[in-house]
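Visitor: I'd like to ask some things about the structure below.
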Amino acid sequence: MAIKAIGFDFDGTLIMSEDKKSGEMASVFNEKFGITKGVKKAYEKLVGTGKNRNQKVDYLFKQFMKRKPTKKELQDISNHFGDHYAQDMGKCPLFQCTNIIKELKEQVDFMFLLSLENKKEVKLVAQQCGVAQYFDSILGGPTSKVENLHEVITKHTFKPQEILYIGDSHSDVVASKKLKMKVILLGKKHTYEKLKEDLKADFVFSSLCEIPHSIKDLK
Numbered sequence: 000m001a002i003k004a005i006g007f008d009f010d011g012t013l014i015m016s017e018d019k020k021s022g023e024m025a026s027v028f029n030e031k032f033g034i035t036k037g038v039k040k041a042y043e044k045l046v047g048t049g050k051n052r053n054q055k056v057d058y059l060f061k062q063f064m065k066r067k068p069t070k071k072e073l074q075d076i077s078n079h080f081g082d083h084y085a086q087d088m089g090k091c092p093l094f095q096c097t098n099i100i101k102e103l104k105e106q107v108d109f110m111f112l113l114s115l116e117n118k119k120e121v122k123l124v125a126q127q128c129g130v131a132q133y134f135d136s137i138l139g140g141p142t143s144k145v146e147n148l149h150e151v152i153t154k155h156t157f158k159p160q161e162i163l164y165i166g167d168s169h170s171d172v173v174a175s176k177k178l179k180m181k182v183i184l185l186g187k188k189h190t191y192e193k194l195k196e197d198l199k200a201d202f203v204f205s206s207l208c209e210i211p212h213s214i215k216d217l218k
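No gaps in the numbering here: position 105 of the sequence shown is 104 in numbering that gives the first Met the number 0, and each next residue is one more.
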């Protein structure tokens, strides 16, 4: 079945953000709660799990504060983190070969961008970095990855097999396959460290630069 829509994960796929994000979260917990150690590493372990920002904060609170965050604390942390995320990513640390977005867009009916970060922040960063123009829709948190992908199917009346999603984590594969979409998994680690989730990916490439520039070559 022909591919009619392509989706890109944002963080870790198109833009180098994960190290910055873990550092910012560590800074937030240091400034607001005096916790100086462990947060950065704990956050890094949450990368690729499919948890949105609020879920990550909730997890970190349980680990370091031994309780759940209040609504105000959750909102304060989200706002503080979001401001720094938009500022840091506004410098546009894009991966090489992002020109493939433009080339693939010309071959499909619909192109979308998806992130677990706040939707407004993702839109702002995508605009600042000059990639927003290639996407018909930009989706983000706090809505889950599966819910956002499901919206693409229902709102735009595509069959799951007509959608190709490109991501860099196991959660991208799990979410895509839960909805029966095709998926490309990126990352050198996936080319030699085959986990159960990796084996469900339709294609595995070490980077954006290895993805064929023609959809017809994805066989």
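We put the CB at the ideal spot given by N, CA and C, even for glycine.
Could you check how far apart the C-beta atoms of Gly-47 and His-169 are, in whole angstroms? I think they sit under 8 angstroms.
Guide: The residue you call residue 47 lines up with position 48 of the sequence shown. The residue you call residue 169 lines up with position 170 of the sequence shown. Confirmed, about 6 angstroms.
Visitor: Check whether the stretch 92-99 and the stretch 46-64 are in contact - that is, three or more C-beta pairs closer than 8 angstroms.
Guide: No, because fewer than three Cβ pairs between the stretch 92-99 and the stretch 46-64 fall closer than 8 angstroms, the two stretches do not touch.
Visitor: Using only the alpha-carbon positions, how far apart do Lys-222 and Ile-165 sit?
Guide: Here the chain has residues from 0 to 218 only, and residue 222 is not among them.
Visitor: Can you give me the Cβ contacts of Met-88 inside the same chain, cut-off strictly under 7 angstroms, excluding the 5 residues immediately before and after it?
Guide: Residue mapping note: residue 88 aligns to position 89 of the sequence shown, counting from 1. Result list for Met-88: Ile-14, Ser-16, Val-124, in chain order.
Visitor: Looking at C-alpha atoms only, which residue of Lys-65, His-79, Ile-34 is the closest neighbour of Arg-52?
Guide: In the sequence shown, counting from the first residue as 1, residue 52 sits at position 53. Ranking the options by Cα distance to Arg-52, first place goes to His-79.
Visitor: In its own chain, which residues sit with a C-beta less than 6 angstroms from the C-beta of Lys-181, not counting the 5 before and 5 after it?
Guide: Taking the first residue of the sequence shown as position 1, residue 181 is located at position 182. Closer than 6 angstroms at the Cβ level, and outside the excluded window around Lys-181, lie Leu-163, Asp-201.
Visitor: If I'm right that His-212 touches Ala-4 with Cβ under 8 angstroms, what's the distance once you round it to whole angstroms?
Guide: Residue 212 sits at position 213 when you count from the first residue of the sequence shown. Residue 4 sits at position 5 when you count from the first residue of the sequence shown. The pair is not a contact, with the Cβ atoms about 18 angstroms apart (cut-off 8 angstroms).
Visitor: Just to confirm, are Leu-112 and Phe-7 a CB contact at a threshold of 9 angstroms?
Guide: Reading the sequence shown from its first residue, position 113 is the one you call residue 112. Reading the sequence shown from its first residue, position 8 is the one you call residue 7. Yes; because the gap between Cβ atoms is below 9 angstroms, this pair is in contact.
Visitor: So, with DSSP's three-state summary, where would you put Gly-81?
Guide: By one-based count along the sequence shown, residue 81 stands at place 82. Looking at Gly-81 - three-state DSSP - the assignment turns out to be helix.
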